[in-house]
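Numbered according to this note's numbering, the sequence shown spans residues 1 to 379.
Ideal placement from N, C-alpha and C gives every residue a C-beta, glycine not left out.
Since the structure is predicted, the reported quantities are computational estimates derived from the model, not experimental observations.
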Amino acid sequence: MRISVLSETDPNEGRVAATPETVKKLKGLGADVVVQKGAGIRSGILDADYEAAGATIEGTASKIAAKSDVILAVRRPTVAQIDGANVGAAVISIMDPYGNEAELAKIAGTKTSAFAMELMPRITRAQVMDVLSSQANLAGYRAVIDASAEYGRAFPMMMTAAGTVPAARVFIMGVGVAGLQAIATARRLGAIVTATDVRPATKEQVESLGAKFIAVEDDEFKQAETSGGYAKEMSKEYQAKQAELVASHIAKQDVVITTALIPGRPAPKLVTKAMVESMKPGSVLIDLAVERGGNVELAKAGEVVIHNGVKIVGHLNVAGRLAASASALYAKNLIAFLETLIDKEKKTLAINWDDELVKATGLTRDGAVVHDQFKGGSS
Ligand code: NAD
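Below is the structure:
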């Protein structure tokens, strides 16, 4: 069984899909591990480190996938990158399938089986494979660090002989995994933290972290959670009431971090231009949803926009800004999933298409797109 680890082609991607630690585990599963030259360098891992763990380094991009049974990557590979893989090989990465059905159809054409790690069900068995959580946790932390770097003042209250520096007021919008970590991090830095979400369950979580919960708590709010634990898209009426409350609150904030997402939908717009204009110059907005359309009206993907002295930060791939940590966790998520796809006695790939993890994440099989949500693009 040959397992290949691709080098990422996106210039904004510093993560890598395997670490020396996971290479050792893959070797333990009886695999030959081939790592593309330089794949780990932006995560602080040298080719020599992979070799010491038992991997072979392949320098020719066109050869890396050849005769592979498993291909591991961070982002969805191109067809050229997986060219030559065995029929039925498992290609595992963050596939970003929504709106990319045509790309999925091309991958299907290679007769490999593509798996989207971000579609992993959030059940107990799959917690160790949950890339959304492992990466969002780091993004939430990094968002606060980025905000503190952009903010020209201190976060904690400081009482000095020369006078008192007030504590920063930090408002977190969206209290999922990233938002919870942002609250915890901002609290650790001494900020006064408030947070909002449309899911009622988050109120207690916010308060348990020592922050204050801000939301319109009407009947719609009380039912605003899907059985999967995700947010529902709220009615126009609710959004208007929430916007009014948020507008008066935002004007008093120094830092706003937005993390609100709805699976498979564009990010909800939560911060309008008028709200940005109500903030004091020197305030900072971090939009963690910028890649999915953004929560902040003026945010631009990959840019720091300054509007009336307010900085609106739209960094891409925020987890990747902590590439070494993000890679270490992502690689562990991958290997935990891969272990379920391998027959450990025969040391071969043995995908059980009836397994709920496989059903939830499997996008392509035998030349077709097989996932119910994305079948429209099958070739
Ligand atoms: P997410 O990234 O999909 O969204 C981030 C947050 O934005 C969510 O809390 C969502 O409710 C919120 N949001 C959406 N629209 C909003 C709006 N208009 N205004 C304010 N907030 C809005 O969320 P996530 O981090 O993936 O977490 C989603 C849920 O899954 C949470 O309940 C989380 O605890 C749960 N979860 C479960 C497991 C598990 O059981 N293994 C693992 C991780 C997360």
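Can you list, in chain order, the residues of its chain whose CB lies under 8 Å from that of residue i, leaving out five sequence neighbours each side?
{"i": "Leu-316", "result": "Asn-12, Val-290, Glu-291, Ala-301 and Gly-302"}
{"i": "Thr-348", "result": "Met-1, Asp-69 and Ile-342"}
{"i": "Asp-218", "result": "Tyr-238 and Lys-241"}
{"i": "Glu-356", "result": "Pro-121 and Ile-123"}
{"i": "Ala-195", "result": "Phe-171, Ile-172, Met-173, Val-175, Gly-179, Ile-183, Thr-202, Val-206, Ala-211, Lys-212, Phe-213 and Ile-214"}
{"i": "Ala-48", "result": "none"}
{"i": "Pro-266", "result": "Arg-292 and Gly-293"}
{"i": "Glu-58", "result": "Ser-4, Val-34, Val-35, Gln-36, Lys-37 and Ile-64"}
Looking at the secondary structure, which residues open and close the beta strand (DSSP E) in which residue i lies?
{"i": "Thr-36", "result": "The question names Thr, but residue 36 in the sequence shown is Gln. Its beta strand (DSSP E) spans residues 32-36."}
{"i": "Ser-4", "result": "2-5"}
{"i": "Ser-93", "result": "90-94"}
{"i": "Phe-337", "result": "Per DSSP, Phe-337 belongs to no beta strand (DSSP E); it is in the alpha helix (DSSP H), 323-340."}
{"i": "Val-70", "result": "70-75"}
{"i": "Ala-80", "result": "Segment: none, Ala-80 is in no beta strand (DSSP E) and carries neither H nor E."}
Only counting the same chain, and skipping five residues up and downstream in sequence, which positions put a Cβ closer than 7 Å to that of residue i?
{"i": "Ile-45", "result": "Val-16, Thr-19 and Pro-20"}
{"i": "Phe-374", "result": "Pro-97, Glu-101, Leu-104 and Leu-363"}
{"i": "Ser-378", "result": "At Ser-378, the pLDDT of 43 sits below 50, so the modelled position is not reliable and the matter cannot be decided from this model."}
What residue range is occupied by the uninterrupted alpha helix (DSSP H) comprising residue i?
{"i": "Thr-361", "result": "356-361"}
{"i": "Ser-278", "result": "273-278"}
{"i": "Phe-221", "result": "219-222"}
{"i": "Asp-146", "result": "131-150"}
{"i": "Asp-47", "result": "47-52"}
{"i": "Ser-248", "result": "236-250"}
{"i": "Ala-105", "result": "101-108"}
{"i": "Glu-21", "result": "20-28"}
Among the options, which residue has its Cα nearest to the Cα of residue i?
{"i": "Ser-43", "options": "Arg-265, Ser-325 and Leu-29", "result": "Ser-325"}
{"i": "Pro-263", "options": "Ser-278, Ala-143 and Pro-121", "result": "Pro-121"}
{"i": "Leu-143", "options": "Thr-185, Val-370, Ala-105 and Ile-3", "result": "Going by the sequence as given, residue 143 is Ala instead of Leu. Per the Cα distances, Thr-185."}
{"i": "Ala-323", "options": "Gln-135, Arg-76, Ala-55 and Ser-4", "result": "Gln-135"}
{"i": "Ser-246", "options": "Gly-174, Ala-105, Ile-64 and Leu-104", "result": "Correcting the residue type first, residue 246 is Val in the shown sequence and not Ser. Here the closest residue by C-alpha is Gly-174."}
{"i": "Lys-222", "options": "Gly-210, Val-198 and Glu-204", "result": "Val-198"}
{"i": "Ser-7", "options": "Ile-41, Val-216 and Val-23", "result": "Ile-41"}
{"i": "Val-74", "options": "Val-35, Ala-211, Tyr-330 and Lys-346", "result": "Tyr-330"}
{"i": "Val-284", "options": "Pro-268, Thr-340, Ile-312 and Ala-80", "result": "Ile-312"}
{"i": "Gly-99", "options": "Trp-353, Asp-354 and Gly-293", "result": "Gly-293"}
{"i": "Trp-353", "options": "Gly-88, Leu-270 and Gly-59", "result": "Gly-88"}
{"i": "Ser-148", "options": "Arg-187, Ala-126, Lys-111 and Glu-345", "result": "Arg-187"}
Starting from residue i, follow its DSSP beta bridges and name the residues at the other end.
{"i": "Lys-212", "result": "Thr-194"}
{"i": "Gly-174", "result": "According to DSSP, which records beta bridges pairwise, Gly-174 is partnered with nothing at all."}
{"i": "Met-159", "result": "Thr-164"}
{"i": "Val-369", "result": "Thr-364"}
{"i": "Val-305", "result": "Ile-312"}
{"i": "Glu-225", "result": "Ala-231"}
{"i": "Glu-58", "result": "Gln-36"}
{"i": "Val-255", "result": "Val-170 and Val-284"}
{"i": "Ala-114", "result": "Val-91"}
Within a Cβ cutoff of 6 Å, which residues of the same chain sit near residue i, ignoring the five residues on either side of it in sequence?
{"i": "Tyr-238", "result": "Glu-220"}
{"i": "Asp-32", "result": "Arg-2"}
{"i": "Val-276", "result": "Leu-298, His-307 and Val-310"}
{"i": "Ile-107", "result": "Ala-114 and Thr-364"}
{"i": "Ala-360", "result": "Leu-119 and Pro-121"}
{"i": "Ala-231", "result": "Val-198, Arg-199 and Ile-262"}
{"i": "Ile-192", "result": "Ala-167 and Arg-169"}
{"i": "Gly-176", "result": "none"}
{"i": "Glu-225", "result": "Arg-199"}
{"i": "Ser-4", "result": "Val-34, Ile-64, Ala-65, Ser-68 and Ile-71"}
{"i": "Gln-181", "result": "Asn-137, Gly-140 and Tyr-141"}
{"i": "Met-234", "result": "Val-198"}
{"i": "Ser-133", "result": "Val-177"}
Can you give the beta carbon distance from residue i to residue j, rounded, assuming they're within the 8 Å contact cut?
{"i": "Gly-314", "j": "Gly-282", "result": "Going by Cβ atoms, the distance from Gly-314 to Gly-282 rounds to 18 Å, so no, they are not a contact pair."}
{"i": "Val-255", "j": "Val-170", "result": "4 Å"}
{"i": "Leu-334", "j": "Leu-29", "result": "That pair is no contact at about 12 Å."}
{"i": "Lys-27", "j": "Gly-54", "result": "4 Å"}
{"i": "Ser-251", "j": "Met-279", "result": "Strictly speaking, residue 251 in this sequence is Ala, with Ser absent from that position. Right, their Cβ atoms sit about 6 Å apart."}
{"i": "Met-157", "j": "Gly-190", "result": "7 Å"}
For chain E, check one thing: does any of its Cβ atoms lie closer than 8 Å to the Cβ of residue i?
{"i": "Ala-73", "result": "Absence of chain E from the displayed structure is noted, only one protein chain being present."}
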